[in-house]
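Just so it is clear: in the sequence shown, position 242 is 309 by the numbering used here, and no numbers are missing. The beta-carbon is built from N, C-alpha and C at its ideal position, and this holds for glycine as well. Take a look at the structure set out below.
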Amino acid sequence: MIGHTNCCRRVLTMLCCVSLLLLLSSPVCLGQEQSPPEAQRPRRVFPPATQPTQQDPEEVLKIDTDLVLVDVMVTDKDGQPVRGLQAQDFKLYEDDVERPVSFFNAEKRIDLQQPIAVVFALDISGSMMASEIERLRSAVRVFAQRLSERPSLFAVMSFGMEVKVHQTFTGDLDKLDRAFGRLAREPNGLSTHAYDAVDDAIRLLVRRAPRTRQQRLIKRTVVLITDGFPVGDTVSPSTVIERANNADVSVNTVTLPSYSRLLSSLNGPAPLPTPLDVSGLAEKTGGTGVYATDKDFDPLFRALAEEITSTYVLAFYPTDEKRRDKRSHSIRIEAPRGLRVRQSRVGYQSSDR
């Protein structure tokens, strides 16, 4: 009887051991059921709420670093903007070799207006007059209202001894007006850091302004309002121009009467070029330079708004060889005979990526 009992115990013990071994060797254990291995989880590139349903061509432009964009302003013999041109009206040359235009944008209808992001950089150094700053506030309001017909964002900076941001990008014109109301002239300011201000404005556009708005590429521009005589800058004009070109930013300069009237009196009806003009800051970034010789700034800024929004956008893909050679390459745009072309950049710097 005792032998029979011991035999049963051995059988039960063996069955328990076999069951335990089967449980431990099973591919589905309790810990695996509660938490699958991290490496086997599928990775999601986009959060569920923002998972794209179709490819947006503007977003392709946003992330495609190989595409080189050029803003082009076309004027007639009288200097008036020319609208209505088509892609086939232009010729694009890379290092004097014609290249196909891969992307073209022109405003043909009111609902296809290009969005714009503008940074106003205002000189408040001692050479500026308080009355000029107040008139500028009114003129900028006219300028912004003209541009507000399209999707627009505005930011406000001032510069003298230092550069300050008074308003980051907003589409609220009341906020823009209040930002100009907070500007205070530096009566004892001995420096006019104009190039530093433009450099900071470019950085602000790159870091804080969206690249697209309503599925359309945003035009980036700086409106520099100054007496035309930079002093004490820490960055050179050539560096600012290069950074503006790389960021697809055009720079427009407005020289105020405090300086332009003095030059005009020395040179008859036409003011002499200022150091800012000589630097080529506006010309080499596809912008324009104007002189505010009248007390009423409104017409000047209204015309400037019209010119800024009368541009074409052309883009192309560099050749595979030039895309990675870390060299500078020239860009030239040609329009139909008799028309003048002003382009936002005259070249690009390739990378080794």
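Every unbroken alpha helix (DSSP H) inside the segment 173-220 [4 residues or more]: If we require 4 residues or more, the alpha helix (DSSP H) runs fully inside the segment 173-220 come out as 197-214.
Coil, strand or helix - Asp392 by DSSP: Within the sequence shown, the letter at position 325 stands for residue 392. Per DSSP, reduced to three states, the secondary structure at Asp392 is coil, with no helix or strand assignment.
The segment 233-246 contacting the segment 386-404, beta-carbon criterion three pairs below 8 Å: Because the criterion of three Cβ pairs below 8 Å is not met, the segment 233-246 and the segment 386-404 do not touch.
Ile285 beta carbon less than 7 Å from that of Val321: Along the sequence shown, read from residue 1 onward, the residue named residue 321 stands at position 254. Along the sequence shown, read from residue 1 onward, the residue named residue 285 stands at position 218. No. Outside cutoff.
Rounded C-alpha distance that separates Tyr358 from Gln147: Taking the sequence shown and counting its residues from 1, the one referred to as residue 358 is at position 291. Taking the sequence shown and counting its residues from 1, the one referred to as residue 147 is at position 80. Here the alpha carbons of Gln147 and Tyr358 stand approximately 17 Å from one another.
In DSSP terms, what Gln410 is bridged to: One-based indexing of the sequence shown puts residue 410 at position 343. For Gln410, which the question treats as bridged, DSSP gives the partners Val139.
Assigned exposure category for Gly353 - 16 Cβ within 10 Å defines buried: If you number the sequence shown from 1, residue 353 lands on position 286. Gly353 is buried by the Cβ-count criterion.
Three-state class that DSSP yields for Thr386 in the structure shown: If you number the sequence shown from 1, residue 386 lands on position 319. Coil, per DSSP.
Three-pair Cβ contact test at 8 Å for the segment 154-170 versus the segment 221-238: Output reads no: the segment 221-238 does not touch the segment 154-170.
Proximity to Asp365 [Cα-Cα], best of Lys144, Thr378, Lys351 and Arg213: Taking the sequence shown and counting its residues from 1, one reaches residue 365 at position 298. It is Arg213 whose Cα lies nearest to the Cα of Asp365.
Own chain partners of Ser169 with C-beta closer than 8 Å, once the 5 adjacent residues on each side are dropped: In the sequence shown, residue 169 corresponds to position 102, counting from 1. Only Leu134, Ala382, Phe383 and Tyr384 meet the Cβ criterion.
Contact check, Leu323 vs Val149, beta carbons under 7 Å: Within the sequence shown, the letter at position 256 stands for residue 323. Within the sequence shown, the letter at position 82 stands for residue 149. In this structure, Val149 does not lie closer than 7 Å to Leu323 by Cβ.
Burial state of Leu90, where buried means 16 or more other Cβ atoms lie within 10 Å: On the sequence shown, position 23 is the one that residue 90 refers to. Annotation note: pLDDT 45 at Leu90 (below 50); position unreliable, coordinate value reported separately. Of the other Cβ atoms in all chains shown, fewer than 16 fall within 10 Å of the Cβ of Leu90; this residue is therefore exposed.
Local Cβ density within 10 Å of Asn313, reported as buried at 16 or more and exposed below that: Your numbering for residue 313 matches position 246 in the sequence shown. Here Asn313 is exposed: its Cβ has fewer than 16 other Cβ atoms, across all protein chains shown, within 10 Å.
Buried versus exposed call for Arg409 [16 or more other C-beta atoms within 10 Å across all chains shown]: Within the sequence shown, numbered from 1, the residue matching residue 409 stands at position 342. Counting Cβ neighbours within 10 Å, Arg409 comes out buried, since at least 16 surround it.
Beta-carbon gap between Val316 and Asp266 smaller than 7 Å: By 1-based counting over the sequence shown, the position of residue 316 is 249. By 1-based counting over the sequence shown, the position of residue 266 is 199. Between Val316 and Asp266, the C-beta gap is not smaller than 7 Å, which leaves the two residues out of contact.
Candidates Asp190, Lys362, Phe171 and Val345, of which the one nearest Val139 by Cα: Residue 139 sits at position 72 when you count from the first residue of the sequence shown. Ranking Asp190, Lys362, Phe171 and Val345 by Cα distance to Val139 puts Phe171 first.
Status (buried if at least 16 other CB within 10 Å, exposed otherwise) for Val164: Counted from its first residue, the sequence shown places residue 164 at position 97. With fewer than 16 other beta carbons inside 10 angstroms of its own, Val164 counts as exposed.
DSSP three-state assignment for Lys144, whether helix, strand or coil: Working through the sequence shown from its first residue, we reach residue 144 at position 77. Residue state, collapsed to three classes: coil.
Residue from Arg404, Pro340, Glu199 and Arg208 whose Cα sits closest to the Cα of Val185: As a first step, residue 185 must be located in the sequence shown, where it is residue number 118. The candidate whose alpha carbon is nearest that of Val185 is Arg208.
Neighbourhood of Tyr160 by C-beta, 6 Å cutoff - its chain only, sequence neighbours within 5 removed: Numbered from its first residue, the sequence shown carries residue 160 at position 93. The residues are Arg399.
Cβ-based burial, Gly356 [other Cβ within 10 Å; buried from 16]: Residue numbering aside, residue 356 sits at position 289 when the sequence shown is read from its first letter. Burial call: buried.
Rounded Cβ spacing between Met224 and Ala268 (contact assumed at less than 8 Å): For the purposes of this step, residue 224 is taken as the residue at position 157 of the sequence shown. For the purposes of this step, residue 268 is taken as the residue at position 201 of the sequence shown. Contact between Met224 and Ala268 holds, with the beta-carbon distance rounding to 6 Å and staying under 8 Å.
Enclosing alpha helix (DSSP H) for Val307 [first to last residue]: The residue you call residue 307 lines up with position 240 of the sequence shown. Taken as a continuous stretch (DSSP letters only), the alpha helix (DSSP H) holding Val307 covers Pro304 to Asn313.
Cβ-based burial, Gln234 [other Cβ within 10 Å; buried from 16]: Numbered from its first residue, the sequence shown carries residue 234 at position 167. Flag for Gln234 reads buried.
Best match in Phe247, Pro297, Arg245 and Ala276 for proximity to Ala264 [C-alpha to C-alpha]: Residue mapping note: residue 264 aligns to position 197 of the sequence shown, counting from 1. Of the candidates Phe247, Pro297, Arg245 and Ala276, the one whose C-alpha sits nearest the C-alpha of Ala264 is Pro297.
Local conformation of Ala349 per DSSP, three classes: Indexing the sequence shown from 1 puts residue 349 at position 282. Ala349: coil per DSSP, three-state reduction.
Three-state class that DSSP yields for Arg150 in the structure shown: By one-based count along the sequence shown, residue 150 stands at place 83. Three-state result, Arg150: coil.
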